[in-house]
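Residue numbering for the sequence shown is 24 to 359, as defined by the numbering used here.
Glycine is no exception: its CB is placed at the ideal position from the N, C-alpha and C atoms.
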Amino acid sequence: MSCTIIVGGFFGDEGKGKVVAHIAHKDKPVIISRGGVGPNAGHTVKVGETEYGVRMVPSGFVYPDAKLCIGSGVLVDPRVLKSEIERLNVRGRVFVDYRCGIITEDHIARDKGSAHLAKKIGSTGSGCGPANSDRVMRVSPQAKDVPELKEYLLDVPKAIDDALKQDQNVLLEGTQGFGISLYYGTYPFVTSKDTSASQIAADNGVGPTKIDNVVVVFKAYPTRVGEGPFSTEMPAEKSDAMGIMEFGTVTHRKRRIGGWDGAMARYSAMINGCTQAAITGIDRVDKACYGITEYGKLTKKAKDFLKQAEDDIGCPVVLISTGPDVSQIIDIRDEK
Ligand code: IMP
Ligand code: MG
C-alpha cells in the first residue's frame, strides 16, 4: 500500500482535481489530504451533469469512502470551509489539522487593497499572501484558536501515519502549480509558498521516506492566471480560434493559454521528483480523442504528442485525460 502525492507541473489548473478523483476511485485511499497554499486554489471536478468548484475541501471529496483532511501547512478560511462543507454535504468527513494558519477578514482586505499584490502580481485576493506573511511573523491565529473549527480538529500527520502503518493507501493532494512556486517559479509573479511535491509532503507532516509515488499533472496546453512570464503563451485570438477558452475557478478571470513547454515540463518533473506523469486535455491536441478510455484508440497525432511529452518529462505518462468528466480518462499505470 502506498502514499502518493499529486501536484501540478505547470502554472496550476492542470486538472489535478480530476486526476485525484480518478485515482481515489481506483486506489481507494482511506485518507485524502490537501497541501498547498489555501483557498486561492480552485479545483473543478465534473461528475455526470454536475460541476463542483472547491477551494478548501480536498477535490477527492467525490470519492465517498475517504477521510478528507487539510494539512497543517495549508491556510484555512473558516467561512469558505464552512460553506463548502454545507454545499458538498461532507460534514463528518472533513478534518483540519489544529496547526493550520487562519485567514481573517483583515488578510483579505490587505490582499485586495494592496496595489503590489492585487495589481502587479495579480493575486487571487483570497488573503493568502498576507496570512502567510503573518504566519512567518508568528502573529497569525491557528485553527485550534477558532471555536467554529473545533469539531474538525485533528492531528493530520498522525492520522496519515496510522493509515500507512495499517497498510492503507493515502493520497496527498497538491494545489497551485510548479511555475508559481515561491522558490522555483517566476518570482515575484508567484504564490506565497513553494508548490512542489516536497512542500506538499511537509504540509501534511509526511517525511520524504514515506512517499512512494509522485504524480505530476501536465496540461497539453498550459494556462496561467494573473501576471508573470509565460514563454509559450499564444495570442488570445489564436487560442480562441482553437476553441480553447478557460476561466479561473476562484477569480473567474480569463486564463492565458500557451503551447506545450517541454523544457519547463522537464525541470518541473526533476524538482518534483516525478515518478509518473499525467497529461490532461489530449482532446485539445486532437478532437477525435474526446472521451476515449483506451490507449489503443487514441489517434496517431495524440500518440505522437504523448511520445514527445514523455521524452520531455523523462517519466512514463500513465494517465491521460480525454475530457472533463471523471470517467473520461485512460489509466495505464499497471502497464508501465
Ligand atoms: P496569490 O496566491 O493569491 O497570492 O496569487 C499569486 C499568483 O498565483 C497569481 O498570479 C494567482 O493568479 C496565482 N495563483 C494562486 N493560486 C492559484 C491556483 O490555484 N491556480 C492558478 N493560479 C494561482
Ligand atoms: Mg485551479
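- At a threshold of 8 angstroms, Leu140 counts as near the ligand IMP, since its beta carbon sits closer than that to one of the ligand's heavy atoms.
- Here Ser350 carries a coil assignment [DSSP, helix/strand/coil].
- Judged by beta-carbon spacing, Gly266 lies beyond the 9 angstroms limit of Gln331, meaning their Cβ atoms are not closer than that value.
- According to the DSSP assignment, Phe241 belongs to no alpha helix (DSSP H) but to the beta strand (DSSP E) extending over 236 to 242.
- Taken in chain order, the complete beta strand (DSSP E) segments of 3 or more residues contained in the stretch 146 to 200 are 193 to 196.
- In terms of CA proximity to Gln299, Val341 leads the group Val341, His130, Ala325, Lys167.
- Distances from the CB of Ala64 to the heavy atoms of the ligand IMP include at least one below 8 angstroms.
- A distance below 8 angstroms between beta-carbons, with the five flanking residues on each side excluded, links Ala47 to the following residues of its chain, in chain order: Ile55, Gly83, Val85, Tyr86, Ala89, Leu194.
- The ligand IMP approaches Val273 closely enough that one of its heavy atoms is under 8 angstroms from the residue's Cβ.
- With a cutoff of 8 angstroms, Asp100 does not count as near the ligand MG, since its C-beta is closer than that to no heavy atom of the ligand.
- Annotation: the stretch 310 to 351 contains the following complete segments of the alpha helix (DSSP H) (minimum length 4 residues), in chain order: 323 to 336.
- Arg110 sits in a helix when the DSSP states are folded into three classes.
- With contacts defined by Cβ atoms closer than 9 angstroms, Val229 and Cys297 do not form a contacting pair.
- DSSP lists Val240, Leu342 as the beta-bridge partner residues of Ala301.
- For Ile223, the enclosing alpha helix (DSSP H) covers residues 220 to 226.
- Ranked by Cα distance from Glu72, the options Glu358, Asp348, Lys359, Ile353 are led by Asp348.
- DSSP places Gly40 in the uninterrupted alpha helix (DSSP H) bounded by 39 to 50.
- Under the criterion of beta carbons closer than 8 angstroms, Asp226 and Val97 qualify as touching, at roughly 6 angstroms.
- The closest heavy atom of the ligand IMP lies less than 8 angstroms from the beta carbon of Arg247.
- Relative to the ligand MG, the beta carbon of Asp36 is positioned inside 8 angstroms of a heavy atom.
- Secondary structure at Gly124: strand, using DSSP grouped into helix, strand and coil.
- Under the three-state reduction of DSSP output, Ser137 falls in the coil class, being neither helix nor strand.
- Taking 8 angstroms as the cut-off, the C-beta of Gln351 does not count as close to any heavy atom of the ligand IMP.
- Take Tyr207, set aside five residues on each side of it, and the residues of its chain with a beta-carbon closer than 6 angstroms to its own are Ile294, in chain order.
- Residue Pro52 holds the alpha-carbon nearest to the alpha-carbon of Asn192 among Gly249, Ile352, Pro52.
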